[in-house]
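Below: one structure, written as structure tokens.
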Amino acid sequence: MLVLLSPAKTFNTKFPVPHRFPVRAPEFYTKKTEQLIAQLKELTQSDLESLLDVSEKIAQTNFERYRGWTKELTEANAKPAVFSFWGDVNKHFDAFSLTTAQLNYADEHVLYLSGLYGPVRPLDFIKEYRLEMGKSLVTSPTCKNLYQFWREPLVSYLNQRITQEKIKVIVNLASKEYAGAVDFAQLKAPVIEIQFKDQKNGVYKVISVIAKRSRGEFARWIVENKVTEIEQLKEFNVGGYYFKVDESTDNLFTFYRDEK
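First residue of the sequence shown? That's 18 in our numbering, and the numbers climb one at a time after it.
Here you go:
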């Protein structure tokens, strides 16, 4: 089983990494990431502000970050991704409270989809950056955005792992923005989408901020329980969720949570 997660716009700058791991670069760090960095270095601060759709202050931070970017990855300038991403999903995955054994298990069964790095395993070292998957960074006359840039490498990478590791199912917990970079129809394993609906004023619906947190909790539950079978996924009950049979299909598992 392989779980797909979104990265985050924000990064952990406060808490030290609780365990020491060997520095390891993401799969496409030299093949693809450096190509994107070269493109980003050519942009003016104004260009970057427009591309990223951010404030002048954030644009300046990232302009300086990319201009000063070096290839070297060290414990001084990078962290394992699972301790670096600091959004709702990763906060609720809560890697800081996992054991070393659980983190190593997560490294084999969880994968982030990043606009800059492509596929990122939890213990891959990454530097802070800002480049969401949905951005239209032109890298060639025929490659107008990051979806086009990453689609083929992601399918190739995932299929290689599916074959080599005998992965039986892909559990997609990534947002639509990031999952959109993967051509799921080309994968050699079935894909299951996970949907969380919370009851509010008597109506069950997807509440974005809650769904993000629930994705992190679901991924953690898979790691903690070493879930390997599709049927086991239906047993998820963290925080009061329960599997909703009549709103689920073979490829979409829906979980409800009642209003308190």
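C-beta: ideal position from N, C-alpha, C; glycine also.
Note that the structure is predicted; figures quoted are calculated from it, not measured.
By Cβ distance, which residues of its chain are closer than 7 Å to Lys49, with the 5 residues on each side in sequence left out?
In the sequence shown, the residue the question calls residue 49 occupies position 32. Around Lys49: Gly135 and Pro170.
Three-state secondary structure (DSSP) at Glu210?
Taking the sequence shown and counting its residues from 1, one reaches residue 210 at position 193. Glu210 falls in the strand class under three-state DSSP.
Would you be able to state if there are at least three C-beta pairs under 8 Å between the stretch 127–134 and the stretch 18–36?
A contact exists between the stretch 18–36 and the stretch 127–134.
Could you tell me the alpha carbon to alpha carbon distance between Trp238 and Phe110, rounded to whole angstroms?
On the sequence shown, residue 238 is found 221 positions in, with the first residue counted as 1. On the sequence shown, residue 110 is found 93 positions in, with the first residue counted as 1. Trp238 and Phe110: Cα-Cα distance of roughly 9 Å.
How would you write the range of the beta strand (DSSP E) that Arg274 sits in, first residue to last?
Taking the sequence shown and counting its residues from 1, the one referred to as residue 274 is at position 257. Here the beta strand (DSSP E) through Arg274 covers Leu269 to Arg274.
If you follow the alpha helix (DSSP H) that Lys161 is in, where does it begin and where does it stop?
Working through the sequence shown from its first residue, we reach residue 161 at position 144. Premise fails: Lys161 is in no alpha helix (DSSP H) and is neither H nor E.
Please classify Glu248 as buried or exposed, where buried requires at least 16 other C-beta atoms within 10 Å of its C-beta.
As a first step, residue 248 is located in the sequence shown; it is residue number 231 there, counting from the start. The residue in question, Glu248, is exposed, as its Cβ has fewer than 16 Cβ neighbours within 10 Å.
Which stretch, first to last residue, makes up the alpha helix (DSSP H) that contains Lys108?
Along the sequence shown, one-based indexing puts residue 108 at 91. From DSSP, the alpha helix (DSSP H) with Lys108 extends over Asp105 to Phe110.
Contact between the stretch 195–203 and the stretch 255–262 is defined here as three or more beta-carbon pairs at a separation below 8 Å; is this criterion met?
With a cut-off of 8 Å, the stretch 255–262 and the stretch 195–203 do not count as touching, because too few Cβ pairs lie within range.
In whole angstroms, give me the CA-to-CA distance for Val99 and Thr266.
Stepping through the sequence shown from its first residue, residue 99 is reached at position 82. Stepping through the sequence shown from its first residue, residue 266 is reached at position 249. Taking the straight line from one Cα to the other gives about 31 Å.
Is the distance from the Cβ of Pro97 to the Cβ of Leu65 below 8 Å?
Numbered from its first residue, the sequence shown carries residue 97 at position 80. Numbered from its first residue, the sequence shown carries residue 65 at position 48. It is not a contact, given that the beta carbons lie outside the stated cut-off.
If you reduce the DSSP assignment to three classes, tell me which class Pro35 lands in.
Translated into positions along the sequence shown, residue 35 becomes position 18. Pro35: coil per DSSP, three-state reduction.
Out of curiosity, what's the CA-to-CA distance linking Ala25 and Arg232?
Here residue 25 refers to the residue found at position 8 of the sequence shown. Here residue 232 refers to the residue found at position 215 of the sequence shown. Whole-angstrom Cα-Cα distance: 13 Å.
Please check the pair Ile54 and Trp86, which I expect to be a contact at CB under 8 Å, by giving their CB distance rounded to whole angstroms.
Looking up residue 54 in the sequence shown gives position 37. Looking up residue 86 in the sequence shown gives position 69. The pair is a contact, with the Cβ atoms about 5 Å apart (cut-off 8 Å).
Where does Phe166 sit, in a helix, a strand or coil, going by DSSP?
As a first step, residue 166 must be located in the sequence shown, where it is residue number 149. Correct three-state label for Phe166: helix.
Under a Cβ-count criterion, where at least 16 other Cβ atoms within 10 Å of its own Cβ denotes burial, should Thr47 be classed as buried or exposed?
Start at 1 with the first residue of the sequence shown, and residue 47 comes out as number 30. With fewer than 16 Cβ atoms within 10 Å of its Cβ, Thr47 is classed as exposed.
What separation, rounded to the nearest whole angstrom, lies between the Cα atoms of Val240 and Ile187?
Start at 1 with the first residue of the sequence shown, and residue 240 comes out as number 223. Start at 1 with the first residue of the sequence shown, and residue 187 comes out as number 170. In a straight line, the C-alpha of Val240 is about 14 Å away from that of Ile187.
Consult DSSP for Asp215 and reduce its assignment to one of helix, strand or coil.
Working through the sequence shown from its first residue, we reach residue 215 at position 198. Note: Asp215 maps to strand in three-state DSSP.
With distances taken Cα to Cα, identify the nearest neighbour of Asp105 among Ser225, Leu57, Lys214 and Ser72.
Position 88 of the sequence shown holds residue 105. The shortest C-alpha separation from Asp105 is found at Ser225.
Please work out which residues of its chain come closer than 8 Å, Cβ to Cβ, to Thr156, disregarding the five sequence neighbours upstream and downstream, and give them in chain order.
Stepping through the sequence shown from its first residue, residue 156 is reached at position 139. So the list reads Gln52, Leu53, Gln56 and Phe166, once near-sequence residues are dropped.
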